[in-house]
Every structure is written in structure tokens, then in C-alpha cells.
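All residue numbers for the sequence shown refer to the working numbering, where the first residue is 14 and numbers rise by one.
Below is one structure; the comments refer to it alone.
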Amino acid sequence: MKQVLYITLLFIGVNSFAQKKILDHKDFDIWNTIKNQAISIDGKFVVYTLEKGEKDNHLKIKDANASLIFEHERSENGRLTYDSNYALFTIKAWKDSITEMKRRKVKKDKMPNDTLGIFNLKTKSLTKIANVKSYKAPSKWSDVVGYYLTDIKKEKSEDTSDTKKNTSKKKTKKVSKDNGYHLVVRDLVSGKEDTLKYVTDFSFAKEGKRLVYVTTGEDNKANSGVYIKNFDNGSISNVFEANNKAKYYQLQFSDSGKNLGFVVDTDTTKTLVRPNKLYHWSEGQAKASIIADDISAPKGYRVSSDGNISFSQDDSKLYFGLATPPIVKDTTLLKEEIVDVEVWTYDEPRLYTVQEIQVKNDQKKSYQTVVHLNNKKLVQLATTEFPNARLTDKGNASIALISNPEPYMLESQWTGRRNSDYAVIDVTSGTSKQVLTNAPSSMSLSPKGKYVFGYHSIDSTWIAYNLATNKRINLTKGKVFYNELNDSPNYPGSYGSAGWTKNDESVLIYDRYDIWKFNPSNGSSIRLTKGREQKVTYRYVRLDIDEDFIDDSGEWLLTTFDENNKNSGYYEYNAKNGKGKQLLSGPYSYSRPIKARNSDKVIFSRQSFEEFPNIRISDLSFKNSKVISNANPQQSEYNWGTAEIVKWTSLDGMELEGMLIKPENFDPNKKYPMIVNFYEKSSNGLYRHKAPSPGRSSINYSFYASRGYLIFNPDVYYREGYPGESAFNCVIPGITSLVEKGFVDKDNIGTQGHSWGGYQIAYLVTKTDIFKAAESGAPVVNMISAFGGIRWDSGLSRQFQYEHTQSRIGGTPWEYPQRYVENSPIYNMDKVNTPLLIMHNDKDGHVPWYQGIEYFTALRRLGKPSWLLNYNGARHWPLKMQNRKDFNIRMQQFFDHYLKGAPKPVWMERGVPAIEKGINQGLELIKN
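Dropping the structure here:
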């Protein structure tokens, strides 16, 4: 009887499992992602939104016990007020309804507006305010919200014929970007609202209970200008008056709200050189006073409308930007009289294409300047000679770090480095002294301004320059604080630093595994953690976003990562006695926790290939955590997959690792088709979740595993000058080691990769016939022509990439011509026997799309089965959802045909003729 019962239960279990769904493209639209998660400052509430595919967001609020407090459909941009009493969010129109309205050609001004939602967390009541353009709330105080109305309802009144006659002659001022919108300031407790009309800009002080706004005035009356509302006493003060055509920029309070700065242009003429003026208001003043204008600005400079205004935390200094005079066009010239010619010069610091990309930035370039508020003294910090300035100590410090990258810009074309000369300037006197030359651009000031600190990549060492003694200390010289696994022909990077302790007494620097404490004055150090012995990496977690320094007498939260098994977790370290304990660890990838400001509650997530990273809440002990979200419960209904580490030996004799993804219903006695997908090194991401989505450039692991594929992702280590051969030496033995296990169908192995991965695949198929089909996205096939190309998104030359970074050739074509030839697949196209799907788009700003054309036209000439997908107007990847979905369908059809024997789609059989583009997609399968 027991045996019969067992067999019956087994049958039911197998039958139930067999009924699991297989992921399909339509399922991408039902998967949620979590966005905008936040925890209230008291740790009692968590707010987040779920976005289903690219459809409407769904806002949820839960308490610390994971109980649902409130939810609202089609809502986003949620935030909790500083007192944790209210939730504010935006309610959107249904996206489907917007789509249909667009289909009906509804005009933009007739489209539905947003609604502001205000949820009272104490009374559980919801208030909705329609026709809201945007809203703001104070970041460190509560009880008010300010929002723009897209329009305001006109009050009905009894009209006489004379009244109608009079009003018909009068033009009513309308809300607009230039005139301003109606700003409503709402008291969240009482519900009382004040409407401030025709406001073009407004801002709350961070800490002080102040609001500043600019209005163009009601009905063109003479009440335009800048106003401050004081919430402590309810008063509104006009601190600046001007004509209603005045333009205001960089409206900014100090954190305390005691000081205000702004730039104004009151000139109503069309002069091309705008006469900007900088104004300052301080608490107690009736009106703002002018600080700087064209007359008082240093010679050759003017007040910038684009330079950010900020204040030191102690309210003693105002920082703003100066600009050089603009280059003015001759407006009398006709279009046909203007000469359009580019002049490229061999010794210009920046390549012309870089200049083109940066024209707008150059036009808005400003040079940071300080005004001392006690005496109104102006000191220019950044200049054309040293154009970049960095502050420290929240602007309180008496010095700033200035830098000049121009002497090294030309050589950056081939080195890829962004070096600079550095100087320190006294913010009171304006005197400066140069401290470093030809140093990496990662240099900065320590929090209290005692040291210039950073990682010097050429020396592969962290340095501290003592400004009091003018002495440079090479903190890590002779020690391995640089990337131990660097396999590029370039100086190795660092592992980063955690920060500084109080009063710049010490700095915490990472090596591969551990945290070290360095004395910046003499270079002495101690190792705080003991990770290297066990190959466990420790990293500091900054829980307080306002943290000024790392408290070396308190307890720290660290993250851990075990290189051996890829487990991660959290660790508590007592900085006073050097002892610690593991709080949490396991076969998951854990996120960096977000702590409630005034509580020990934290939200975090854990994930694995099988487990979606839902939000969890706990205290800092991480005991008894609760799962807050349940974003994708439908996952249990689908055949999913598992992930594991596999090991093998490369042809060079190196021990390697990689990830193997198997279907959930994997049977070791069966043979499975396998897709090999790789880039460089990915095995540390074993426990990253792969939610179903139409990826822009890569196969979706969950999708293909659900459909019965194995996915193999091998790590690749490179030898300088031979990237293609290195990929072959690592990937191919990894594949053969899996074939030997008996569950891989050796006759149905495919490969897929994009960009650098696409290049490696293009190389491999010239050296092996192990792949039955391959997709190669945005590949470089001719390293010689690519070397001389431009990365159009940045304007940079591609030379540095081949000499020093990812392409790893290690020199120029005239230094190593054979390396360029040997690593270029284009010279071996006749040896390709693998059907190829190529995706390369005509606006690719990373890899010139003519590389894809070279690839395809060579294969076409040789009669090799190949297809090229070009999503018009797309860049390195297709970003539009319809293009991403299309690419994923075609890629699946391509691999299903070659690796599973599925019917060919029409587009593979006869293509899609240009006359049918955008009409017939050719996705239909050809029935035999």
C-alpha cells in the first residue's frame, strides 16, 4: 500500500512539474522590476514602485512587518516626508490610454495631466490634486509640499454685457514656460493652500524653513521678482524686483536658509553678450544686494548663468561661476554667406571630434569663484590656466584644489589617461602653489584639507601630499594595492578607498581583499581585516549619507564576498578593538543596505539566479529579516534554471572558472543544445538574478534555460598582444570539458556576444567549427581600420583602446603590424564555416558600424550564410522597446533553427526587402 501511495505521489509531483510554463517573449511584459525604494527616517515604512515591463508603475507602501499600508496603480516618483507622516507621489494616466490617444493624433495640450497623491500615513487618508506638472518637498523638514499646476480653474462669476465687452479687449496672461506656472504651497497638516501665480522657479532650503520663488507677476503687474516665504512666521518678502522679462538662474539657498544666491539678467534687449549679475540675500536684509557684475568681475571674465551657486555649510562663503566672454556670431551674414569648414590641427589638445561633442559644455563652461560673505571679497579659484576646482569640508575649508589637464590632453588620444597638473589655492588670499605635475585626475583633498590624496596609476601606488610640510608620501609603494588580475597592457587600477577618519588622522584603503588603515603623515599602516588568507573581500558600508568621516572608535558594517564559493554577506567590525563577527552569509548576492536616518532599521535585498532580489527589512543585526516585496510571484509557474560554477584548465595551463546555467528540469542523461555567451570575466556574478527581459545586446539566461538550452559563460584571461588567441585558449577547452560530461549535444553548440564579446566570437569562428551558429553583435573585425576610427559618442580616437585597454594589442600598427593582422578576423573570412547573425546599428558611437559592414560584405562575397540586422538610428544597442523585442525574437528564431532544427523564419529565407521595411517583418515561420 505504501508503495502504491509513493508511486501515486511521485506521479502527481512529476505531472505537476511537467505542467510548468516555458518562458516566451510575451512573458517579458509581465515581469516586474523594483524602482525608487526608500525607507522612512524612523524605519517604520518602506515605499517602492513596481514597473511591469515598460508599462505603468504600481506604488506600494508597507510597514516594518511587511504589512501593506497603501498601494496605488499607475503611480511613481514616490517619497516619504521627513517626519514620516506622509507619502507623496505622482499619479500618471494609463500608458495604454496615452498610446491610444497618440494613435488618434490627440494634440499634446489635450493629453491628460498628472495628479499629485498625498497619503496620510497616520489617518490612512488619500488626497488627490489634479493637473500637477511637478512637485517638490523639503529634504530635511516637513509639513509642506509645493507643486506646479498645469492650469488653474477660472472662477465663475456673473457677467453683464459691459463686463464681457471690457474683458474681450483684455488679453489674459496664460501659464507657460516663459510666464511661469501657478505654484501651490500646501500645508500637509491643515490642508491650507497658498497659490503663487506665474512662478518660473522655486526651491526649498534643505534645513531652514524657507521657500524661494521667482514670479513674472500677476497679469503683467509690477510685482515680478524674487520672493522668500518664511514658514516660521508665515511672512512673504520681496527680496528682488525687476521687469517681468528678467531671466533668473541658479536660484539657491544655503542649507540653513539664511543665505540666498541667484544670477539675474534684467536686460530686455537682444544683446548677444548677456549682462548677468550675481545677487546675494542674507537673513535680516530687506533686499538682495549685488555681489558681482561685468564691471566688478575679474578682467576677461563675466558672471556665468550656468555656473552652480552653492554655499559653505557654515554660511561664510558663496560659490558661483565666472565665464569668459562668448564667441559672438555675425548675425548680418546670410546662410549662403557662411563658410562651413572644419579645421583639424595636429597639435590641438583636443581632437576636433571631441571639441564638436563638447561644444555645448564649452559654451557653458564656468570657473568656480568664491565670495566671502563677511566682507564681500571675491576670489577666483578656477581660471583658464587651472580650469577645474574641487572643494572640501563642505565648502568650509580655507583651500581648494585646482587642476589643469590641458598639457596632457593630446597624448590622451593614445594613452587613454586623463592626467593633470595640480595646485592648491588659498580661498582667502587667492595665492596658489603647484603640488603635483602629470598626476592622474583622481586626486582630491582630504576632508579637512590637510592632504592631496589619490591613486597614482603610473606608480601603481596611493599617495598623500602633506600640504603643511610639502612632503609627498607614497603610502602603498612596494605593496600590492593595485589590480592583481590586470591583464591589459596598461598600468593597473586600484581597488579604491573607504574614506578618512576624523580630522584626517588616517585613511582607509582597500587591497584585493582587506581594509588597511594608513597614517598619511608617515605612511605607516595596519591591516584591519583578515580576508586574504581565506580569499574573502571586505568593504566598508556608508550607512549615514551625511557622514563627515569614518568613526574609528565605533562599529562598522562591512560587506563580504568569498571568492571560493561566490557567497556574500554582512560583517560587523568593531573599529576600537579590531574584533568582528559575520552577521549574514550565504549562496546569494546581497545588496548594500539603506539605513533609516533615525533608526537601526535597514532595507536590503538578496538574490541568486533562482531568487528575485525582493526588498527585505531588518535591524543591523540582520536577524529575523522580513521580505517586504513580492515582485514576481508568477516565477514559480515557469520552468526556470539553476546556476553553478564549473572549472577547467586553459590551453595555457591556467585554472579557470565559468558559470553553467541549466534548465530547472535538467536531466544528466539527456543531451542539450548549448549557447556560449561571454565577455571577459563573469563568474563572480554567479548569484545575480536574471529576470526575463528583452535585452539590448545579449541572450537572456532565464529565457533560454526555460526553453531547454544550457548556457555557458567562461572567464577569459588575456595575454598582451593576443586577445583573440587568449579567448580561444580559454573558451574552447571550457566547452570541450563540458562536452566530456555527456550532457552537451556537441553537434548543437552556438555562441553569442556583443561588442568585445562580438569581436571574440568573430575571431573564434575563423579558428574552429565547434559552433553550429553564432550571433556576433557590433564586432570589430579589422583592427587596423578600427584603430584609426572615432568613438562617435565621445569624439575620442580609438587608438588608446588598442594600445592600452580592452583590445590589448599593446602598441600601434606600425610597431606591431603582425599583431593587428593576426587578431583581425577579416583576414581569415574564407575559413568561416559557421552561420552568422550580425547586429550592428548605423548610429553606433562605440564601434564604427562600418566594421559590421566589412564583416557582412566579406561573408556575403564568400557565400557564407549570414544576416545583418541594422536598427536604424540605434546606437551601440537597440534601446527602443520595439527594437529590443524584435532583436530577441530574431535571435531566438536563429538559434532555434540551427540548434533545435526549428523551421526557418521568412526573414532568414528571403530577407526583408527595403520596399517592405517597417511593413512586413518576416517573422513568420516557414512550414515544411
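By construction, the Cβ of each residue, glycine as well, lies at the ideal position given by its N, Cα and C atoms.
Exercise. Look at the Cβ atom of Y148, then the Cβ atom of T213, and state whether they are nearer than 9 angstroms.
Key: It is not a contact, given that the beta carbons lie outside the stated cut-off.
Quiz item: Do you know offhand how far K242's Cα is from F324's?
Solution: Rounded to the nearest angstrom, the two C-alpha atoms are 20 angstroms apart.
Quiz item: Roughly how far, in whole angstroms, is the beta-carbon of Q376 from the beta-carbon of I322, given that I think they are within contact range, below 8 angstroms?
Solution: Separation of the CB atoms of Q376 and I322 is rounded to 19 angstroms, and the pair is thereby denied contact status at 8 angstroms.
Quiz item: Over what stretch of residues does the beta strand (DSSP E) that includes T474 continue unbroken?
Solution: Boundaries of the beta strand (DSSP E) harbouring T474: T474 to N479, taken from the DSSP string.
Practice problem: Please report how far the alpha carbon of I471 lies from the alpha carbon of G429, in whole angstroms. | Solution: When rounded, the distance between both Cα atoms is 12 angstroms.
Practice problem: In angstroms with no decimal places, state the Cα-to-Cα distance between L751 and S612. | Solution: When rounded, the distance between both Cα atoms is 50 angstroms.
Quiz item: Is the Cβ-Cβ distance between I745 and F725 less than 9 angstroms?
Solution: Taking 9 angstroms as the Cβ cut-off, I745 and F725 do not qualify as a contacting pair.
Self-check item: Neighbour-count burial assignment, I712, 16 or more Cβ in a 10 Å radius
Solution: I712 counts as buried, since no fewer than 16 other beta carbons sit within 10 angstroms of its beta carbon.
Quiz item: F625 to Y692, Cα distance in whole Å?
Solution: So the two alpha carbons sit approximately 24 angstroms from each other.
Self-check item: Buried versus exposed, by CB contacts within 10 Å (16 or more), N451
Solution: Residue environment for N451: exposed (fewer than 16 other C-beta atoms within 10 angstroms of its C-beta).
Quiz item: Would you say the beta carbon of Y863 comes nearer than 8 angstroms to a heavy atom of the ligand PLP?
Solution: Annotation note on the ligand PLP: not contained in the displayed structure, which lists no ligands.
Exercise. Could you pull out every residue in the same chain whose Cβ sits closer than 6 angstroms to the Cβ of K210, ignoring the five residues on either side in sequence?
Key: H195 and E231, listed in sequence order.
Practice problem: With DSSP as the reference, please indicate the residues paired to V145 in a beta bridge. | Solution: In DSSP, V145 forms a bridge with D127 and L162.
Exercise. Please report how far the alpha carbon of S88 lies from the alpha carbon of K589, in whole angstroms.
Key: Roughly 46 angstroms separates the two Cα atoms.
Quiz prompt | Nearest-angstrom Cβ-Cβ length linking P705 and W107, presumed shorter than 8 angstroms | solution = Contact flag wrong, Cβ pair sits at about 23 angstroms.
Quiz item: Who pairs with W862 in a beta bridge, going by DSSP?
Solution: Looking at the DSSP assignment, W862 forms no beta bridge with any residue, so it has no partner.
Quiz item: According to the Cβ coordinates, are P606 and Y583 closer than 9 angstroms?
Solution: In this structure, the beta-carbon distance from P606 to Y583 falls below 9 angstroms.
Quiz item: Nearest CA to the CA of D42: which residue from Q864, T764, M894 and Q426?
Solution: Cα-wise, what sits closest to D42 is M894.
Quiz item: Between which two residues does the beta strand (DSSP E) containing G334 stretch?
Solution: First-last of the beta strand (DSSP E) with G334: K330 to A336.
Exercise. Less than 8 angstroms between the CB atoms is what I'm expecting for S602 and F617, so what's the real figure, rounded?
Key: Approximately 11 angstroms separates the beta-carbon atoms of S602 and F617; this is outside 8 angstroms, ruling out the contact.
Quiz item: Less than 9 angstroms separating the beta-carbons of Y161 and V198?
Solution: The answer is no: Cβ separation not under 9 angstroms.
Quiz item: Going by beta carbon distance, what residues of the same chain come within less than 7 angstroms of M667, once the five residues before and after it are set aside?
Solution: If we look at M667 and ignore the five residues flanking it on each side, its Cβ neighbours are Y730.
Quiz item: Along the chain, where does the beta strand (DSSP E) that runs through N70 open and close?
Solution: It spans N70 to D76 - the beta strand (DSSP E) in which N70 sits, taken as one unbroken run.
Quiz item: Going by alpha carbons, who is nearest to Y735 out of G755, T818 and D782?
Solution: Minimum Cα distance to Y735 is reached at T818.
Quiz item: Which first and last residues belong to the beta strand (DSSP E) in which G763 is found?
Solution: Looking at the DSSP string, the run of the beta strand (DSSP E) that includes G763 is V757 to H767.
Exercise. Please check the pair K917 and I939, which I expect to be a contact at CB under 8 angstroms, by giving their CB distance rounded to whole angstroms.
Key: Contact flag correct, Cβ pair sits at about 5 angstroms.
Practice problem: Assuming A791 contacts G771 (C-beta within less than 8 angstroms), just tell me the rounded distance between them. | Solution: With 8 angstroms as the limit, A791 and G771 qualify as a contact, their Cβ atoms being about 5 angstroms apart.
Quiz item: So the alpha helix (DSSP H) Q812 belongs to, where does it begin and stop?
Solution: Start and end: Q812 to E816.
Quiz item: Just reading off the beta strand (DSSP E) that Y13 is part of, what are its end residues?
Solution: For residue 13 there is no data in the structure shown, the boundaries of the chain being 14 and 941.
Quiz prompt | Separation of L391 from I304, as counted between CA atoms | solution = Distance between I304 and L391, taken at the CA atoms: about 9 angstroms.
Exercise. Below 8 angstroms on the Cβ atoms is my guess for K33 versus Y508; work out the distance and round it to an integer in Å.
Key: About 43 angstroms separates the beta carbon of K33 from that of Y508, a gap too long to meet the 8 angstroms contact definition.
Quiz item: Using 8 angstroms as the Cβ pair cut-off and three pairs as the minimum, do the segment 479-495 and the segment 802-819 touch?
Solution: With a cut-off of 8 angstroms, the segment 802-819 and the segment 479-495 do not count as touching, because too few Cβ pairs lie within range.
Practice problem: Report the residue from N901, L597 and T489 whose alpha carbon sits nearest the alpha carbon of K636. | Solution: Comparing Cα positions, the closest option is L597.
Practice problem: Assign A718 to one of three DSSP states: helix, strand, or coil. | Solution: Correct three-state label for A718: helix.
Quiz item: According to DSSP, is Q648 helix, strand or coil?
Solution: Helix, per DSSP.
Self-check item: C-alpha distance - S174 paired with K186, whole-angstrom precision
Solution: With a pLDDT of 47 at S174, under the threshold of 50, the modelled position of that residue is not reliable, and no figure is offered here.
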